[in-house]
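Peer 1: Take the sequence shown: its position 390, counted from the start at 1, is 421 in my numbering, and no numbers get skipped.
Quick one: the structure is below, questions incoming.
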Amino acid sequence: MGISRRDFLMRVGQAGGYSAAFLTMQTIGLFPPAAAFAEPLRVEPGIGKGVKVAILGGGIAGLVAAYEMRALGYDCTLLEARTRPGGRNWTVRGGDKVEFSDGTTQQCTWDAPNYQNVGPARLPSIHKNILGYCEKLGVELQVEVNTSRSSFLQNDAANGGKPVVQRQAINDTRGHVSELLAKCVNAGSLDADMSKDDRDRMLTFLRIYGSLDSAGKYNGGDRAGYKVLAGAGDEAGVLADPIDMHTLLDENFWQGMLFEETFDMQATMFQPVGGMDRIPFAFAKALGNVVQYDSPVTAIRKTPSGVRVEYTHKGAPKALEADYCVCALPLTVLRKIPNDFSAPYTKVMDECVYAHAYKVAWESRRFWEQDYNIYGGLEFVTTGCSPVWFPSANIFSKRGVFVSGYTDERESEFGKLLLPEKLAESRKTVERLHPGHGAEIEKPIYVNWGKVAYNEGSWIQRYGPGQERAPGITFTPSGVPAKEGKAQTRTNAGYQTLTEPDGPVYFVGDHVSHIVAWQEGAAVSSLRAVQMISDKVKAKNA
Ligand code: PHE
């Protein structure tokens, strides 16, 4: 006699209790696997009493470490070079000054409530730790619209350079591929690979999946959109003509189409209401005087009992002695600070390469909403600054700030341009996608993380020669990887080195995780370090 899944679970629950039923549900796939470290730390409350910790850097990794360690009773001091918390989590608003290490200064004059998250700007729903902190700290979240079927793809070399709306590119591609596969099935080319039953099932599927007619042909369909929208009376609407397969097969079209399929980029995504920096400011508020601003580190020394961190506070030399150090500074910054690190660590610091991601943001009338029905989402161009990224905040208001250009400019032609030339390129992209609108955008702000003091890079690209974070792929937000590749952080010797402490110094940050370039990576790296330090303290106390 068959038994339903529900009955089965009830019986497991009766026999083994809730946790047995839960485990069974997980095993048979009814629940997603638990996220790494989303469970609480396995540490005795109060373990940190009488233990001094110096935390270096007030980005998300440093803030998470301070938050967790203080709760465990550690005596924490967090040194932050700037006068704000957050590190790369930086939101620029009207009135803010953007300064680069080469002296370039820009003054932002956008109207309130417009802003741009020039660092992290989206939170995947799978990033349970950072989302968990938002909940704990009362940071209000809203949906970040990472994709819009009304947004455009543009390629100078295809379709006469005319932009294509994503709903059409995606659905026409599906239609063409389905038509071809149906043809193969009907011609018997797949007889050796599929049973007769599955061939029939496949044909039924393709008719719906690809919107094929009864003869198995793709002739367009309303999923791909209209040339003339339907209305009342005799306005039945006119469907768009399908784009030919040759055009769609251009990799610069299909890469943009697949962006939203990337694991981390899939809907639903979130952002804090009012700017990403609501997260570090909420941490900082909770931490009170644990965070010391205006305190750049000038030396990191090992001592017989731990560490001695030298720094300046408002320019005056200071020092801090501690039992442990949680070091959340970027390696590009760390390598310039006099230190006592052992050889394998200085090797990674000296040899690693960070990407120089940039963003150019403009303020404008919301032409994308008002004239094109685009609400949030990204657009991709082949030549020029890609992607264009429309705001999810204050949709339907009059003016907004959007991005035109966000990628790694290190070693790129774009990177060699002067600032006015970069801004001109960014404006040209808008003109390519939305002719006539390049002229109406204003008040550009350009941020290149390679030139931001105390960062000197956006995210790690390479842990040493031949130690790519993801071999064979360019780690860029502009479309999916050109080649299939998987992150191989774990096989990199440099990465492995960083995951172990150098004496009393524990390294944290997204670069010490497999979730590089995400705040979640920063959070999990710190949770891991807190666990390791606490295990050590426990062993010492025993
Ligand atoms: N997390 C960053 C972003 O949202 C950087 C990144 C881009 C990470 C693309 C992975 C892939 O854009």
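Beta carbons: idealized from backbone N, C-alpha and C, even for Gly.
1) Excluding the 5 residues flanking residue 397 on each side, which residues of the same chain have their C-beta closer than 6 angstroms to its C-beta?
2) With DSSP collapsed to three states, give me the class of residue 572.
3) Below 8 angstroms, how does it come out for the segment 466–475 and the segment 366–386: are there three or more Cβ pairs, yes or no?
4) Is it buried or exposed for residue 17, if we count other Cβ within 10 angstroms and need 16 for buried?
5) Is the closest heavy atom of the ligand PHE to the C-beta of residue 272 under 7 angstroms?
6) Relative to the alpha-carbon of residue 493, which residue among 317, 475, 336 and 547 has its alpha-carbon at the smallest distance?
7) Which whole-angstrom value describes the C-beta separation of residue 170 and residue 267, a residue pair presumed to lie in contact below a C-beta threshold of 8 angstroms?
8) Would you mind sorting residue 277 into buried or exposed? The rule is 16 or more other CB atoms within 10 Å of its CB.
9) Taking the alpha-carbon positions, what's the residue 224 to residue 231 distance?
10) Give the C-beta separation of residue 203 and residue 279 to the nearest angstrom, bearing in mind that I take them to be a contact with Cβ-Cβ under 8 angstroms.
11) Report the option in 96, 195 and 304 whose CA atom is closest to the CA atom of residue 152.
12) Have a look at 346, 173, 441 and 333 and flag the residue whose alpha-carbon is nearest the alpha-carbon of residue 533.
13) Given this structure, state the Cα-to-Cα distance separating residue 288 from residue 560, to the nearest angstrom.
14) Determine the DSSP secondary structure at residue 243, reduced to helix, strand or coil.
15) Can you list, in chain order, the stretches of the beta strand (DSSP E) that have 3 or more residues and sit fully within the segment 62–135?
16) If you compare alpha carbons, which of 115, 270 and 358 is closest to residue 92?
17) Could you pull the DSSP bridge partners for residue 392 from this structure?
18) Pull up the distance between the alpha-carbon of residue 403 and that of residue 457, whole angstroms please.
19) Whole angstroms is fine: what's the gap from residue 536's alpha carbon to residue 73's?
20) From the DSSP output, in three-state form, read off residue 263 for me.
21) Less than 8 angstroms between the C-beta atoms of residue 437 and residue 501, yes or no?
22) Can you tell me whether residue 110 is buried or exposed? The criterion is at least 16 other CB atoms within 10 Å of its CB, across all chains shown.
23) Could you check if residue 496 belongs to the surroundings of the ligand PHE, using beta carbon to heavy atom distance under 7 angstroms?
24) I'd like to confirm the pairing. Which residues does DSSP put opposite residue 349 in its beta bridges?
25) Can you grab the Cα-Cα spacing for the pair residue 525 / residue 380, in whole Å?
26) For residue 139 and residue 188, I'd like the C-alpha separation in whole angstroms.
27) Inspect the beta-carbon positions of residue 353 and residue 116 and report whether they are closer than 8 angstroms.
28) Mark residue 272 as exposed unless 16 or more other C-beta atoms lie within 10 angstroms of its C-beta, in which case mark it buried.
29) With a threshold of 7 angstroms, establish whether the CB of residue 153 neighbours any heavy atom of the ligand PHE.
30) Helix, strand or coil, according to DSSP, for residue 214 in the structure here?
31) Between 317, 87 and 284, which lies nearest to residue 343 when the distance is taken from Cα to Cα?
32) The alpha helix (DSSP H) with residue 362 in it runs from where to where?
33) Beta-carbon within less than 6 angstroms of residue 355's beta-carbon, same chain only, minus the 5 sequence neighbours each way: which residues are those?
34) Considering only residues of the same chain and omitting the five flanking positions on each side of residue 557, which have a CB-CB separation below 6 angstroms?
35) How would you call residue 299, buried or exposed, if buried means at least 16 neighbouring beta carbons within 10 angstroms?
36) Classify residue 71 as buried or exposed, calling it buried when 16 or more other Cβ atoms lie within 10 Å of its own Cβ.
Peer 2: With the given structure in hand:
1) Position 366 of the sequence shown, counted from the first residue, corresponds to residue 397. Correct list, in chain order: 431.
2) Against the sequence shown, residue 572 aligns to sequence position 541. Residue 572: helix per DSSP, three-state reduction.
3) Contact between the segment 466–475 and the segment 366–386 is absent, because fewer than three Cβ pairs lie under 8 angstroms.
4) Coverage of the chain is limited to positions 32 through 573, which leaves residue 17 absent and any answer about it impossible.
5) Numbered from its first residue, the sequence shown carries residue 272 at position 241. No, the ligand PHE has no heavy atom inside 7 angstroms of this Cβ.
6) As a position in the sequence shown, residue 493 is number 462, starting the count at 1. Looking at the Cα atoms, 547 is the closest of the given residues.
7) On the sequence shown, residue 170 is found 139 positions in, with the first residue counted as 1. On the sequence shown, residue 267 is found 236 positions in, with the first residue counted as 1. Actually they are not in contact, since the Cβ atoms of residue 170 and residue 267 sit about 48 angstroms apart, beyond 8 angstroms.
8) Along the sequence shown, one-based indexing puts residue 277 at 246. Per the 10 Å Cβ criterion, exposed.
9) For the purposes of this step, residue 224 is taken as the residue at position 193 of the sequence shown. For the purposes of this step, residue 231 is taken as the residue at position 200 of the sequence shown. In this structure, the straight-line span from the alpha carbon of residue 224 to that of residue 231 is close to 13 angstroms.
10) Indexing the sequence shown from 1 puts residue 203 at position 172. Indexing the sequence shown from 1 puts residue 279 at position 248. The C-beta separation of residue 203 from residue 279 comes to about 6 angstroms, placing the pair in contact by the 8 angstroms criterion.
11) Position 121 of the sequence shown, counted from the first residue, corresponds to residue 152. Sorting 96, 195 and 304 by C-alpha distance to the C-alpha of residue 152 places 304 at the top.
12) For the purposes of this step, residue 533 is identified with residue 502 of the sequence shown, where counting begins at 1. Restricting attention to 346, 173, 441 and 333, the CA atom closest to the CA of residue 533 is found in 333.
13) The residue given as residue 288 occupies position 257 in the sequence shown. The residue given as residue 560 occupies position 529 in the sequence shown. Computed Cα separation, rounded: 39 angstroms.
14) Locating residue 243 in the sequence shown gives position 212, where the first residue counts as 1. DSSP, read as helix, strand or coil, puts residue 243 in coil.
15) You should have 83–87, 106–110, 122–124 and 128–130.
16) Your numbering for residue 92 matches position 61 in the sequence shown. Just measuring C-alpha positions, the residue of 115, 270 and 358 sitting nearest residue 92 is 358.
17) The residue given as residue 392 occupies position 361 in the sequence shown. In the DSSP output, where bridge partners are listed per residue, residue 392 has 434 and 476.
18) Position 372 of the sequence shown, counted from the first residue, corresponds to residue 403. Position 426 of the sequence shown, counted from the first residue, corresponds to residue 457. Their backbone Cα atoms lie some 19 angstroms apart in a straight line.
19) Taking the sequence shown and counting its residues from 1, one reaches residue 536 at position 505. Taking the sequence shown and counting its residues from 1, one reaches residue 73 at position 42. Going by C-alpha positions, residue 536 is about 21 angstroms away from residue 73.
20) Start at 1 with the first residue of the sequence shown, and residue 263 comes out as number 232. Three-state DSSP puts residue 263 in coil, outside helix and strand.
21) By one-based count along the sequence shown, residue 437 stands at place 406. By one-based count along the sequence shown, residue 501 stands at place 470. No, the Cβ-Cβ distance between residue 437 and residue 501 is not below 8 angstroms.
22) As a working note, residue 110 is residue 79 in the sequence shown. Classification for residue 110: buried.
23) Sequence index remark: in the sequence shown, residue 496 carries index 465 (1-based). No - the ligand PHE has no heavy atom lying nearer than 7 angstroms to the Cβ of residue 496.
24) Within the sequence shown, numbered from 1, the residue matching residue 349 stands at position 318. 342, per the DSSP bridge assignment.
25) The sequence position of residue 525 within the sequence shown is 494, counting from 1. The sequence position of residue 380 within the sequence shown is 349, counting from 1. The alpha-carbon atoms of residue 525 and residue 380 are separated by roughly 9 angstroms.
26) Position 108 of the sequence shown, counting from 1, holds the residue named residue 139. Position 157 of the sequence shown, counting from 1, holds the residue named residue 188. Distance between the alpha carbons of residue 139 and residue 188 is about 36 angstroms.
27) Taking the sequence shown and counting its residues from 1, one reaches residue 353 at position 322. Taking the sequence shown and counting its residues from 1, one reaches residue 116 at position 85. Contact: no.
28) Translated into positions along the sequence shown, residue 272 becomes position 241. Residue 272 comes out exposed.
29) On the sequence shown, residue 153 is found 122 positions in, with the first residue counted as 1. Yes, since a heavy atom of the ligand PHE falls inside the 7 angstroms radius drawn around the Cβ of residue 153.
30) One-based indexing of the sequence shown puts residue 214 at position 183. Here residue 214 sits in helix by DSSP.
31) Counted from its first residue, the sequence shown places residue 343 at position 312. Nearest neighbour of residue 343 by Cα position, chosen from 317, 87 and 284, turns out to be 87.
32) Along the sequence shown, one-based indexing puts residue 362 at 331. Counting along the chain, the alpha helix (DSSP H) containing residue 362 begins and ends at 362–365.
33) Translated into the one-based positions of the sequence shown, residue 355 becomes position 324. Sequence-distant partners of residue 355 (beyond 5 residues in either direction) whose C-beta falls short of 6 angstroms from its own C-beta, in its chain, are 84, 535 and 564.
34) Along the sequence shown, read from residue 1 onward, the residue named residue 557 stands at position 526. Beyond the five residues adjoining it in sequence on each side, residue 557 comes within less than 6 angstroms, by CB distance, of 92, 95, 96 and 539 in the same chain, given in chain order.
35) Along the sequence shown, one-based indexing puts residue 299 at 268. When all chains shown are included, residue 299 counts as exposed.
36) As a working mapping, residue 71 is identified with position 40 in the sequence shown. Around the beta carbon of residue 71, a 10 Å sphere encloses fewer than 16 other beta carbons of the protein chains shown; the residue is thus reported as exposed.
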